[in-house]
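Take a look at the structure set out below.
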Amino acid sequence: MASPAPAPPAASSATGAALPPRIGLAGLATMGQNLALNIAEKGFPISVYNRTAAKVDATVSRAEAEGALPVLGHRDPRGFVLSLSRPRTVVLLVQAGRAVDATIDALVPYLDAGDAIVDGGNEWYQNTERRIEEAAARGILYLGMGVSGGEEGARNGPSLMPGGHVDAYNNIRDILEKAAAQTEDGACVTFVGPGGAGNFVKMVHNGIEYGDMQLIAEAYDVLRRIGGLSNSEIADVFTEWNRGELESFLVEITADIFTVSDPLDGSGGSGLVDKILDKTGMKGTGKWTVQQAAELAIAAPTIAASLDGRYLSGLKDERVVAAGVLEAEGMPSGLLETINVDKKMLVDRVRQALYASKICSYAQGMNLLRAKSAEKGWNLNLAELARIWKGGCIIRAKFLDRIKKAYDRNPELANLIVDREFAREMVQRQNAWRWVVARAVEAGISTPGMSASLSYFDTYRCSRLPANLIQAQRDLFGAHTYERIDRPASKTCDVWPSLWIYGRMLKVYLKNSMLSFYLNSYFWSHDKSNNLTPESSSGKPEYWIAWT
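Every letter in the sequence shown is one number past the one before it in numbering that gives the first Met the number 0, and letter 531, counting from 1, is 530.
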């Protein structure tokens, strides 16, 4: 590419720093603005650009107010790109999909070979892989980088999951390591792998997040409806849980939520959480996770249950009608059964059920990552992914350190459930886990996440499932074959009782029906192919005469 003309001066800046920035950021909504300020605060000058000038000015004003941070604002894409020193790195934080392509189209005419684009949005990994190829055709490097931590994380230290061209990562590795969340194990960033690996890892992170949130909501529902705990009591419970094995960002903020009073209630006697509509939104990463699990034949029932829970929550009007219809038919409107239980015992058992269920959710996510890594040749390091999730991100949790150690001990670990430490904990907690799910079922309380997790655990630990019957059924109606346990090296397709016998059994239902024509055709071809055609004097099969 030919070198463009010199850049025009910045539209505005919070500092008079003379050194040109190495990095720029386009897209100044909440996440973009906060990440830009984070990078600047770590001592790296940064240029910023947004399609609307007002957000550029707002970002520069914030930078000035927060300590004259080295942020240079630009109102046009050319000036923005040309303000950067080469090799340039442009970070995009815009809405996934078409907006990313449009932003790239606006910037790429001013980029040179060796420059890099980093997409920090929640993008579908295959879009990232397409853009990597398109950028490579121009000599431009490309990264798809998952960014987790929300507004607070972006400003103070997120978990970063970059994947794509390793040279693009190395160009700004020092910047990312300073901007990322910090733990005792180092910065919460690592080069994840080639292609769309970074975006895929962030997608699975979000799927685990779906499961986590669903399980916490179910724990709250059981405590509230079976135990009768008040909001203040539930806040105390989650605060206590956050001091132990359940210590995590989501448990911490859950405790905080139950302390917030409704600002519209002048008396302050009601909690804000009780006034929030029971209808959960979503942006699609949970759906993508479940779809990928299905395509890769990875069981992820906890994550799938959380997605279904969100879908069902969206049917608010239908649920209200259903409740009325069923109540009119005799269904109790409240609990199906009153359960008298000591609150302290209930709290302890729900804690154990929540912890065991969370292990299953994380196990499912990790297995999905491993399967995709094998398919794509990404060579994902699951221990390293657990490490960078320990800080900054939404699913950060104390037990991620133990997940890291489990994969350090055995990088080929089939499932977290069979790691010795986690296996011991699952066994120790399974009685309480079963008790909570059983009491919820008796009371008519929906716990799809905990129930799915428990079923996953029981299925995975079962050495002999009833799948033999299902395979026999498949072979009978579709000749799909089956394997014998006494002859494991061979596949068999037995001749089950001839289907024309079943045709005779059905004749009373199908006589004089148009279906008889189609079924006769099917049975004729089936029996002929199996040399099982009993001929009558008319030359037609016996069952033909019987039917007609």
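The beta carbon of each residue, even a glycine, is placed where N, CA and C say it ideally should be.
Three-way DSSP call (helix, strand, coil) for residue i in this model
i           : result
residue 51  : coil
residue 282 : coil
residue 276 : coil
residue 76  : helix
residue 381 : helix
residue 337 : coil
residue 332 : coil
residue 304 : helix
residue 367 : helix
residue 226 : coil
residue 116 : strand
residue 189 : coil
residue 90  : strand
residue 258 : coil
residue 25  : strand
residue 396 : strand
residue 84  : coil
residue 45  : strand
residue 143 : strand
residue 247 : strand
residue 565 : This structure gives no information on residue 565, because the portion of the chain shown stretches from 0 to 547.
residue 231 : helix
residue 323 : helix
residue 360 : helix
residue 159 : strand
residue 31  : helix
residue 206 : helix
residue 313 : coil
residue 548 : The question about residue 548 has no answer, for the chain in this structure spans 0 to 547.
residue 390 : coil
residue 197 : helix
Span separating the alpha-carbon of residue i from that of residue j
i           : j           : result
residue 500 : residue 475 : Unreliable positioning characterises residue 500 in this predicted model, as indicated by a pLDDT of 48, which lies under 50. The coordinate reading is nonetheless provided below. Distance between the alpha carbons of residue 500 and residue 475: 13 Å.
residue 341 : residue 347 : 10 Å
residue 478 : residue 459 : 28 Å
residue 159 : residue 258 : 31 Å
residue 336 : residue 447 : 19 Å
residue 224 : residue 162 : 45 Å
residue 21  : residue 93  : 20 Å
residue 376 : residue 451 : 30 Å
residue 49  : residue 32  : 10 Å
residue 39  : residue 440 : 53 Å
residue 199 : residue 81  : 31 Å
residue 308 : residue 449 : 12 Å
residue 125 : residue 322 : 42 Å
residue 30  : residue 53  : 16 Å
residue 329 : residue 457 : 34 Å
residue 410 : residue 401 : 13 Å
residue 244 : residue 333 : 33 Å
residue 242 : residue 252 : 13 Å
residue 119 : residue 430 : 43 Å
residue 464 : residue 218 : 30 Å
residue 102 : residue 44  : 22 Å
residue 254 : residue 248 : 10 Å
residue 262 : residue 271 : 7 Å
residue 432 : residue 355 : 7 Å
residue 137 : residue 399 : 40 Å
Buried versus exposed, by CB contacts within 10 Å (16 or more), residue i
i           : result
residue 179 : buried
residue 359 : buried
residue 484 : exposed
residue 97  : exposed
residue 472 : exposed
residue 548 : Missing from the structure shown is residue 548; the chain here goes from 0 to 547 and no further.
residue 344 : exposed
residue 351 : buried
residue 23  : buried
residue 173 : exposed
residue 467 : exposed
residue 156 : buried
Inset, instruction - Output the residue ranges of the alpha helix (DSSP H) runs that lie fully inside the segment 434-497 and measure 4 residues or longer, sorted by chain position. - result: With a minimum length of 4 residues, the continuous alpha helix (DSSP H) runs that stay inside the segment 434-497 are 447-459 and 466-477.
inquiry  = Does the structure place the segment 354-367 close enough to the segment 293-311 that three or more beta carbon pairs sit under 8 Å?
reply    = yes
Okay, do the segment 112-121 and the segment 87-103 touch, 3+ Cβ pairs below 8 Å being the bar? yes
| query | Do three or more CB pairs link the segment 302-320 to the segment 195-214 at distances below 8 Å? | reply | yes
Self-check item: Inter-stretch contact at 8 Å, needing at least 3 Cβ pairs: the segment 406-425 / the segment 267-275
Solution: In this structure the segment 406-425 does not lie against the segment 267-275, because fewer than three pairs of beta carbons, one per stretch, are closer than 8 Å.
If contact is defined by three or more beta carbon pairs under 8 Å, each pair taking one atom from either stretch, is the segment 385-396 in contact with the segment 143-153?
yes
- Query: Taking contact to mean at least 3 C-beta pairs separated by less than 8 Å, is the segment 138-145 in contact with the segment 161-177?
  - Reply: yes
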